[in-house]
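S.K.:
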Amino acid sequence: MDEWLWVEWLWGQLAVGSWRTRFGRLSNKVGQVDPTGTFCAVPDEWLKKKLVEAAEPPTARQLYSIFFVNAVPFVAFGFLDNFIMIMAGEYIESSLGHFITLSTMAAAGLGNTISDIMGITMATYVEEGCQLLGLKQPRMTPAQFELKSSRRASSWGRIMGITVGCLIGMCPLWLINDEPKPTAEN
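For the sequence shown, numbering that gives the first Met the number 0 assigns the number 0 to the initial residue and increments by one for each residue that follows.
#1: Can you grab the Cα-Cα spacing for the pair aspartate 80 / histidine 97, in whole Å?
#2: Just mark glycine 94 as buried or exposed, buried being the case when its beta carbon has 16 or more other beta carbons within 10 Å.
#3: Can you look up serine 154 in the DSSP assignment and give me helix, strand or coil?
#4: Using the Cβ count rule (16 or more neighbours within 10 Å means buried), how would you classify glutamate 266?
#5: Could you give the DSSP three-state label for glutamine 136: helix, strand or coil?
#6: Report back the beta-carbon spacing between isoleucine 85 and leucine 172 to the nearest angstrom; my notes put them in contact at under 8 Å.
#7: If I'm right that isoleucine 158 touches phenylalanine 76 with Cβ under 8 Å, what's the distance once you round it to whole angstroms?
#8: As a quick exercise: from Arg60, Met139, Met117, Leu134, pick the residue whose alpha carbon is nearest that of phenylalanine 82.
#9: CA-CA distance, phenylalanine 148 and leucine 132?
#10: Whose CA, out of Ile119, Ala87, Ser154, lies closest to the CA of alanine 106?
#11: When the Cα atoms are used, what is the spatial distance from leucine 146 to asparagine 69?
#12: Distance, Cα to Cα, arginine 21 vs serine 153?
#13: Which residues bound the alpha helix (DSSP H) around isoleucine 175?
#14: What residue range is occupied by the uninterrupted alpha helix (DSSP H) comprising proline 72?
#15: Look at the alpha carbon of tryptophan 155 and the alpha carbon of leucine 62, and state the distance between them as a whole number of angstroms.
#16: Specify the secondary structure class of methionine 104 as computed by DSSP and reduced to three states.
#17: What does the alpha-carbon distance come out to for the pair threonine 103 and methionine 169?
In structure tokens:
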């Protein structure tokens, strides 16, 4: 039985006259309490659990699509995060380091702050870019997205995306000169 037909059937069975407000009108909210005690509320979590249990498992192609759609934006975010952090940290260390004593870790922390601010700012642009690329979630029911396999594909896509993006975002390290900076004593 198609899961939406099952939900409609279940809703119809529950609403057949017992799902009424205290004024006698049919209630449109599952779980609304009737003070007269003429019906027993069905918890929303139980109903959601039953829908997920009845859901058809997604195909391998749908799982791959979920993985890919979640990975691509995180590649972009990981790249931007590391790239901006390294560039900002290096700039802060080389420019502010002349005026105040600043450790490499302090410069990295300030660079990370700037990177996080830029990441929040650029999140909408990354999402818009993904839409321009035509990335869309596969056509599945909401219950199918709640299955463990779908959530696992989504999580692994994000993990792999952020890992690849962060590794690519480390490319400025090839260009940064690591020679010791001249000091006033030299």
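From the three backbone atoms N, C-alpha and C, an ideal C-beta is built for every residue, glycine too.
M.R.: Reading it off the structure:
#1: To locate residue 80, count along the sequence shown from 1; it is residue 81. To locate residue 97, count along the sequence shown from 1; it is residue 98. Between the C-alpha atoms of aspartate 80 and histidine 97 there is a straight-line separation of about 26 Å.
#2: What you label residue 94 is simply residue 95 of the sequence shown in a count that begins at 1. Note on identity: in this sequence residue 94 is serine, with glycine being the wrong assignment. So serine 94 counts as exposed.
#3: The count along the sequence shown starts at 1 and reaches residue 154 at position 155. Correct three-state label for serine 154: helix.
#4: The chain is shown from 0 up to 185; residue 266 falls before or after that span and cannot be answered.
#5: Locating residue 136 in the sequence shown gives position 137, where the first residue counts as 1. In the structure shown, glutamine 136 sits in coil (DSSP, three-state: anything other than H, G, I, E or B).
#6: Here residue 85 refers to the residue found at position 86 when the sequence shown is read from its first residue. Here residue 172 refers to the residue found at position 173 when the sequence shown is read from its first residue. That pair is a contact at about 6 Å.
#7: Within the sequence shown, numbered from 1, the residue matching residue 158 stands at position 159. Within the sequence shown, numbered from 1, the residue matching residue 76 stands at position 77. With 8 Å as the limit, isoleucine 158 and phenylalanine 76 do not qualify as a contact, their Cβ atoms being about 12 Å apart.
#8: Counting from one through the sequence shown, the residue named residue 82 turns up at place 83. Checked all of Arg60, Met139, Met117, Leu134; the closest Cα to phenylalanine 82 is Met117.
#9: Locating residue 148 in the sequence shown gives position 149, where the first residue counts as 1. Locating residue 132 in the sequence shown gives position 133, where the first residue counts as 1. Position check: residue 148 holds serine in this sequence, whereas phenylalanine was assumed. For serine 148 and leucine 132, the distance between alpha carbons rounds to 25 Å.
#10: Looking up residue 106 in the sequence shown gives position 107. Ranking Ile119, Ala87, Ser154 by Cα distance to alanine 106 puts Ala87 first.
#11: Indexing the sequence shown from 1 puts residue 146 at position 147. Indexing the sequence shown from 1 puts residue 69 at position 70. So the alpha carbons of these two residues sit roughly 16 Å apart.
#12: Locating residue 21 in the sequence shown gives position 22, counting from the first residue. Locating residue 153 in the sequence shown gives position 154, counting from the first residue. Only weak support exists for where arginine 21 lies, its pLDDT of 49 falling under 50; the coordinates are left without a value.
#13: On the sequence shown, position 176 is the one that residue 175 refers to. Unbroken run through isoleucine 175: none, as it is neither H nor E.
#14: To locate residue 72, count along the sequence shown from 1; it is residue 73. It spans 59-95 - the alpha helix (DSSP H) in which proline 72 sits, taken as one unbroken run.
#15: By one-based count along the sequence shown, residue 155 stands at place 156. By one-based count along the sequence shown, residue 62 stands at place 63. When rounded, the distance between both Cα atoms is 11 Å.
#16: Position 105 of the sequence shown, counted from the first residue, corresponds to residue 104. Three-state result, methionine 104: helix.
#17: Locating residue 103 in the sequence shown gives position 104, where the first residue counts as 1. Locating residue 169 in the sequence shown gives position 170, where the first residue counts as 1. Looking at the two C-alpha atoms, the distance is approximately 16 Å.
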